[in-house]
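Protein chains: 2
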Amino acid sequence: MELLKEKILKEGTVGESGILKVDSFLNHQLDIQFLNEIGKEFKELFSDKKITKILTIEASGIAIASIAAQYFNVPVVFAKKTESKNLDKETYDSDVYSFTKGKTYKIKVSKKYIQANDKVLILDDFLANGYAALGLINIVEKAGGSVEGVGIVIEKGFQEGGKRLRESGVNLKSLVTIESLENNTIKFK
Amino acid sequence: MELLKEKILKEGTVGESGILKVDSFLNHQLDIQFLNEIGKEFKELFSDKKITKILTIEASGIAIASIAAQYFNVPVVFAKKTESKNLDKETYDSDVYSFTKGKTYKIKVSKKYIQANDKVLILDDFLANGYAALGLINIVEKAGGSVEGVGIVIEKGFQEGGKRLRESGVNLKSLVTIESLENNTIKFK
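Those protein sequence lines, which keep their order, are chains A and W.
Just so you know, this note's numbering puts 1125 at position 175 of the first sequence, and the rest follows in order with no gaps.
Just so you know, this note's numbering puts 1090 at position 140 of the second sequence, and the rest follows in order with no gaps.
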């Protein structure tokens, strides 16, 4: 997605320990007009799939999924990372290893909101090691639903997530793939 | 907002310790079509204000703010509750007391994304004791911006937040106000 590459080159910065910062439009401040372009692109990439629900993970995925859902005309469900009094007791859980935090956390989705007849599109902002996406796929499988695709805004091509998901047969599409962030320079694949 | 009252009566449940659960459309699963109705309503309620930015707090506020922002044509900023490697070092912070969790947590917004010339609309899903809203107001004030209004989807009228905010001169508008949840019955004001 050319528009996204331009946006990343214009507004993105490479922070410490090779982190790509896009918090001016995707992670902290949200450029809603631009997220609409992202939503349209996801709709186009997955136009051959009949989607009944979009699944994402709090917090950064929520804006992307919500705006994109308008083009699919389906509800969004976001997996919870934190304990919440509001969450049902009956949940599908999955363990997700966070590389940056060096620990495993649990993600949860109420059994009410992913069903066996659901055809799910998983959307998220970043794909690095792929553990969050695998956790979400695991939850859909536990519910007996089908994962029709995984849509990622920015794939870090130099990490293992993309390979890991594609090799396990996931219909993964990333809007842009970063080849390298070496020498603080953003290089696309 | 009549449509919202109907939705709450149809889908909402009263859980343990007087918690109103609306996770079928607002807190966990997100009814995006319905959130568009909420967004339009906020636009109407604050149509006399010139807004440059919508501020909310992760995670439940993000979907509401993102969809509503389409009617205001402005970016969203969401305050972070959790430490994040992606967050700038230069932040405006505020302490928020969580009644349900019985402890104080810090919310943070990068100094880049709220500026002295910003006219901010604060949006959130619930107003109970008002501490989250006061924390967000505090952050806008630290940045030298002005709070043009606070829009809340569901105000718990039997808790102190609404009174607290209105008495301090905040332009607070809630789409619905719950008068009581006694005997597991939802009663609107």
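Each residue gets a CB set at the ideal place from its N, CA and C atoms; glycine is no exception.
Report yes if the CB atom of residue i is closer than 9 Å to the CB atom of residue j, and no otherwise.
{"i": "W:I1087", "j": "W:V1097", "result": "yes"}
{"i": "A:I1014", "j": "A:G989", "result": "yes"}
{"i": "W:S1016", "j": "A:L1115", "result": "no"}
{"i": "A:P1025", "j": "W:Q979", "result": "yes"}
{"i": "W:K1106", "j": "W:F1076", "result": "yes"}
{"i": "A:K1031", "j": "A:I1057", "result": "yes"}
{"i": "W:A1029", "j": "W:V1059", "result": "yes"}
{"i": "A:I958", "j": "A:V1120", "result": "no"}
CA-CA distance, residue i and residue j?
{"i": "A:D1074", "j": "A:I1007", "result": "7 Å"}
{"i": "A:D1038", "j": "A:K1062", "result": "9 Å"}
{"i": "W:A1066", "j": "A:I982", "result": "22 Å"}
{"i": "A:K1051", "j": "W:E1033", "result": "10 Å"}
{"i": "A:A1093", "j": "A:Y1042", "result": "7 Å"}
{"i": "A:T1002", "j": "W:S974", "result": "15 Å"}
{"i": "W:K1069", "j": "A:V972", "result": "23 Å"}
{"i": "W:N1079", "j": "A:K1123", "result": "43 Å"}
{"i": "A:G954", "j": "A:L1071", "result": "In the sequence under discussion, the amino acid at residue 954 of chain A is Leu, which differs from the Gly named in the question. So the alpha carbons of these two residues sit roughly 21 Å apart."}
{"i": "A:K993", "j": "A:K960", "result": "25 Å"}
{"i": "A:V1100", "j": "A:A1009", "result": "17 Å"}
{"i": "A:T1054", "j": "A:D998", "result": "35 Å"}
{"i": "A:Y1047", "j": "W:E1040", "result": "28 Å"}
{"i": "A:G962", "j": "A:N977", "result": "11 Å"}
{"i": "W:S1130", "j": "A:V1090", "result": "37 Å"}
{"i": "A:E966", "j": "A:T1135", "result": "12 Å"}
{"i": "W:E956", "j": "A:M951", "result": "41 Å"}
{"i": "A:E1117", "j": "W:V1027", "result": "37 Å"}
{"i": "A:A1018", "j": "A:F1049", "result": "27 Å"}
{"i": "W:N1023", "j": "A:F1022", "result": "22 Å"}
{"i": "A:G1112", "j": "W:S1044", "result": "38 Å"}
{"i": "A:N941", "j": "W:N1036", "result": "Chain A is shown from 951 up to 1139; residue 941 of chain A falls before or after that span and cannot be answered."}
{"i": "W:Q1020", "j": "W:G968", "result": "33 Å"}
{"i": "W:E987", "j": "A:V964", "result": "39 Å"}
{"i": "A:K1000", "j": "W:K1000", "result": "40 Å"}
{"i": "W:E991", "j": "A:E991", "result": "28 Å"}
Can you name the residues that DSSP bridges to residue i?
{"i": "A:S1048", "result": "A:K1053"}
{"i": "A:Q983", "result": "Answer is none; A:Q983 lacks a bridge partner."}
{"i": "A:N1006", "result": "Correcting the residue identity first, residue 1006 of chain A is Thr in this sequence and not Asn. According to DSSP, which records beta bridges pairwise, A:T1006 is partnered with A:F1028."}
{"i": "W:T1041", "result": "W:S1060"}
{"i": "W:S1096", "result": "W:K1069"}
{"i": "W:T1127", "result": "W:E1105"}
{"i": "W:T1135", "result": "W:T1135 pairs with nothing; no bridge assigned."}
{"i": "A:F1076", "result": "A:I1104"}
{"i": "W:K970", "result": "Inspection of the sequence shows that residue 970 of chain W is occupied by Leu rather than by Lys. Answer by DSSP bridge pairing, in chain order: W:V964."}
{"i": "A:L1122", "result": "A:V1100"}
With a cut-off of 8 Å on the beta carbons, I'd call residue i and residue j a contact; round off their distance for me.
{"i": "W:I1064", "j": "W:G1095", "result": "5 Å"}
{"i": "A:L896", "j": "A:I1128", "result": "In the structure displayed, chain A extends from 951 to 1139; residue 896 of chain A sits before or after that span and is not available."}
### Query
Taking a cut of 7 Å between CB atoms, which residues from the stretch 994-1023 of chain A lie near chain W?
Against chain W - using a Cβ distance shorter than 7 Å - the residues of the stretch 994-1023 of chain A are E1008, A1009, I1012, A1013, S1016, I1017, A1019, Q1020.
### Task
Quick one: which residues of the stretch 1056-1073 of chain W get their C-beta closer than 7 Å to a C-beta of chain A? List them in chain order.
Per Cβ criterion, the list reads S1060, Y1063.
### Query
Quick one, which residues of the stretch 1092-1110 of chain W are near chain A if we go by CB-CB under 8 Å, in chain order?
If the cut-off is 8 Å between Cβ atoms, the stretch 1092-1110 of chain W has nothing near chain A.
### Query
For the stretch 1076-1087 of chain A, which residues have a beta carbon sitting closer than 8 Å to at least one beta carbon of chain W?
Within the stretch 1076-1087 of chain A, no residue places its CB atom closer than 8 Å to a CB of chain W.
### Task
Using a Cβ-Cβ cut-off of less than 7 Å, list which residues of the stretch 963-976 of chain A approach chain W; keep chain order.
For the stretch 963-976 of chain A, which is checked against every Cβ of chain W, the residues closer than 7 Å are I969, K971, D973.
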